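Here's the structure we're looking at; comments come further down.
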DNA sequence: TGTTAAGCGAGACGGTACGTCGCGTCTTAAT
DNA sequence: ATTAAGACGCGACGTACCGTCTCGCTTAACA
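Chains as they are written, first to last, in the working numbering: chain A, 10 to 196; chain B, 10 to 196; chain C, 10 to 196; chain D, 10 to 196.
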């Protein structure tokens, strides 16, 4: 008999949350702020999201930009293409800030951690595909543990941008790619 | 002429801050809590640290965990030894939580960013030394950009533990080390 | 549409404020103390009263102590009866302290001044009535300015108790009353 | 060999205190403010004055404007002259605010109360003289209790200005004087 | 096709932490 | 040994968000 939770309210909340994050950053993210900006009542927000954190997560979850899955015919070409496509995204400061915020929060909040895992899994699908294609072509040994290889491909890049928060020019991307491919093919 | 800011108060505050972080985690970190635990008045804390965040930063800055600089005679041996030594530190949940918190906060707070840079620089000295030794031995080509190599060595590991927040057993460490060394020596 | 400010919270706050004033005096009056004693959150107190001072004012405003309006049939009897009734009230130290506090604060805070005016007006109604009755009986000349007469009747007493803060025994009350009545009837 | 407490520091403190009171009013009066304005260290202030309140009192004590002691040859003339001289002083808002502040504080602080008593005693000397002169001339009965008469003369005026905080024009001053004299001579 | 329970906006509520201010004491250097 | 300067412990200030609650109202599903 009762009215169901309206998608409209949920959508408005998430949209407002994304705006707030974009404008004020993660530290300016506030349930009150989202409520005010969205026109959705706090009560309603808490009806849809069990906590402010969950709203945050869901908002960010919806920001996911699907990464490209290049297919150049060679492992090295694919990896270079992938990294070149991803760099500008990560180079955006608000993006970096947001992702780090999630990673940090995920370390404390199990629910958020779950979402974060899922996000990561999704984000890494292109790499996995690239590696599988390389195995299919015989370029990459079939006994390479793809899960570890993922870390090996994404890691240096993430470390540079997110952890050390240092710039990375195109020449350096190529060198990194070279090292990665060298490692993978050395097997 | 006036009494200088007492090191004692500062030290007590930082010690208490570290305790608070250890016990309650970053999200339980509170100037009030530190004041209560340290016996140092909140006012005094703000005399020493311009904000709660700065206290946090300084406290973490003092948590320096000097990583070992192994010297086994081979690049591969050194890298494996290093990773094996570091894993248990990062495996501690509170440590991970704290480091992620800093990384996240550093993306918003320039002052914190500075401290974070310095921490990272320090933290990576062992790897740099390992690589330099390998170059000295002729194991590693002299034209390898060491700064990039740092990302290449640390990256996969950090990505696994901090970003994906997945376990990493000893066998996997060996495989990762193998890939890394393969990449470095392929040059 | 929203829930209206609850009278309950306001009332509890004011009651607690009055208790605090009674127990600790005006200088012990603190928003925190009121919050603690009342169980009303400080935030809520500030929702109802724009400042601690306003809470104070309102609390005092509610402390109305209605003075008696004697009717003994003679001006002198009425005045003596009134003064005798009022002395014990003013003799209470906390009462004196509080009233002086208000008077003092009223000199700086317009809002408080308004309340104070109203309190005084109310407090002096009995005297005005006494004087009007005396005029009705023909005891007091009709051309006596009642507003000035109020000062004349209340003044000596207040001056003694509040300004000079000296004791006043019953014999002295009678002498004062005699002087006052003498002055009023001399016309 | 020790240097005695310097009068200079004391004087500078009091001067600055008076300035602070004049500029910011009683509520802006602060030991820190006085220290800053005077260049006298807080320590020194506390060496000269046992509390901020005492400094306040002493500062105000030095503001005392000696009231005139008219001698017109008649009680009525003297009283009128006195009141007319005093009204403009009390009409100054800062003066009123300050005096009320002292009265209020005196109700809580015994030391301050003592000073206040002394101030009042001093302030009322002219009236006492006026009354004594009237007794000497035989105008006023010798059995009138002068202490009570003081209240009788000053009270209405103070009540009007300080307690009710209402204006008082010249005509009203005359009427009040008339009532007072009437009361005193009715004996 | 009403009825009615729930959704909804608005925002009050009890909390906790924030960063600031004034207090009165204590410490240091300089005179 | 007094002074200027100001650090110190303390405790109140008024504010911001938190997550919960209470209001009227509106609306969709069932009867």
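For each residue, glycine too, the CB sits at the ideal point set by N, CA and C. The structure presented is a predicted model; accordingly, all values stated were derived computationally and were not measured.
Sort the options by Cα distance to residue i and report the nearest one.
i	options	result
residue 178 (chain B)	A:18, A:133, A:114, A:157	A:157
residue 161 (chain B)	A:148, A:142, A:147, A:184	A:184
residue 104 (chain A)	A:54, A:147, A:32	A:32
residue 133 (chain D)	C:154, C:169, C:150, C:147	C:169
residue 99 (chain C)	C:19, C:17, C:189, C:175	C:175
residue 65 (chain C)	C:101, C:102, C:19, C:80	C:19
residue 102 (chain C)	D:79, D:118, D:41, D:128	D:118
residue 173 (chain B)	A:163, A:139, A:151, A:129	A:129
residue 16 (chain C)	C:49, C:38, C:43	C:49
residue 67 (chain A)	A:127, A:37, A:78, A:79	A:127
Could you pull out every residue in the same chain whose Cβ sits closer than 8 angstroms to the Cβ of residue i, ignoring the five residues on either side in sequence?
i	result
residue 95 (chain A)	76, 166
residue 71 (chain C)	23, 27
residue 186 (chain B)	85, 88, 89, 92
residue 46 (chain D)	25, 28, 29
residue 194 (chain A)	84, 148, 149
residue 62 (chain A)	114, 118, 120, 121
residue 21 (chain A)	47, 48, 49
residue 153 (chain A)	140, 144, 193, 196
Quick check: is the beta carbon of residue i nearer than 8 angstroms to any beta carbon in chain D?
i	result
residue 176 (chain C)	no
residue 197 (chain C)	Residue 197 (chain C) falls outside the range modelled here, since chain C spans only 10 to 196, and no answer is possible.
residue 169 (chain C)	yes
residue 184 (chain C)	yes
residue 48 (chain C)	no
residue 154 (chain C)	yes
residue 181 (chain C)	yes
residue 119 (chain C)	no
residue 195 (chain C)	yes
residue 106 (chain C)	yes
residue 165 (chain C)	yes
residue 147 (chain C)	no
Apart from the five residues just before and just after residue i, which ones in its own chain have a Cβ nearer than 7 angstroms to its Cβ?
i	result
residue 115 (chain A)	121, 122, 125
residue 107 (chain C)	30, 35, 69
residue 14 (chain B)	56, 57
residue 192 (chain B)	161
residue 53 (chain C)	18
residue 190 (chain C)	84, 85, 88
Check whether the Cβ of residue i lies closer than 8 angstroms to any Cβ atom in chain B.
i	result
residue 60 (chain A)	no
residue 124 (chain A)	no
residue 192 (chain A)	yes
residue 151 (chain A)	no
residue 160 (chain A)	yes
residue 172 (chain A)	yes
residue 19 (chain A)	no
Is there at least one Cβ from chain A nearer than 8 angstroms to residue i's Cβ?
i	result
residue 129 (chain B)	yes
residue 91 (chain B)	no
residue 141 (chain B)	no
residue 86 (chain B)	no
residue 201 (chain B)	With chain B covering 10 to 196 only, the question about residue 201 (chain B) has no answer from this structure.
Kindly indicate if chain C contains any beta-carbon less than 8 angstroms away from that of residue i.
i	result
residue 116 (chain D)	yes
residue 189 (chain D)	yes
residue 38 (chain D)	no
residue 137 (chain D)	no
residue 97 (chain D)	no
Report whether the distance from the Cβ of residue i to the nearest heavy atom of the ligand MN is below 7 angstroms.
i	result
residue 67 (chain D)	Of ligands this structure carries none, so the ligand MN is not represented either.
Only counting the same chain, and skipping five residues up and downstream in sequence, which positions put a Cβ closer than 6 angstroms to that of residue i?
i	result
residue 110 (chain D)	35
residue 131 (chain A)	none
residue 139 (chain A)	87
residue 182 (chain C)	92
residue 159 (chain C)	133, 136
Q: Return the chain-ordered ranges of every alpha helix (DSSP H) run that is complete within the region 45 to 102 of chain C and spans a minimum of 4 residues.
A: Entirely contained in the region 45 to 102 of chain C, the alpha helix (DSSP H) runs reaching 4 residues are, in chain order, 51 to 57, 61 to 70, 84 to 100.
Q.
Under 8 angstroms, with one C-beta from each stretch per pair, do the region 77 to 97 of chain C and the region 135 to 147 of chain C reach the 3-pair mark?
A. yes
Q: Entirely within the region 150 to 194 of chain C and at least 4 residues each: give me those alpha helix (DSSP H) ranges in chain order.
A: Fully enclosed alpha helix (DSSP H) runs of no fewer than 4 residues occupy 155 to 167 of the region 150 to 194 of chain C, in order along the chain.
Q) Taking only runs of the beta strand (DSSP E) that begin and end inside the region 17 to 48 of chain D, which ones reach a length of at least 3 residues, in chain order? A) none
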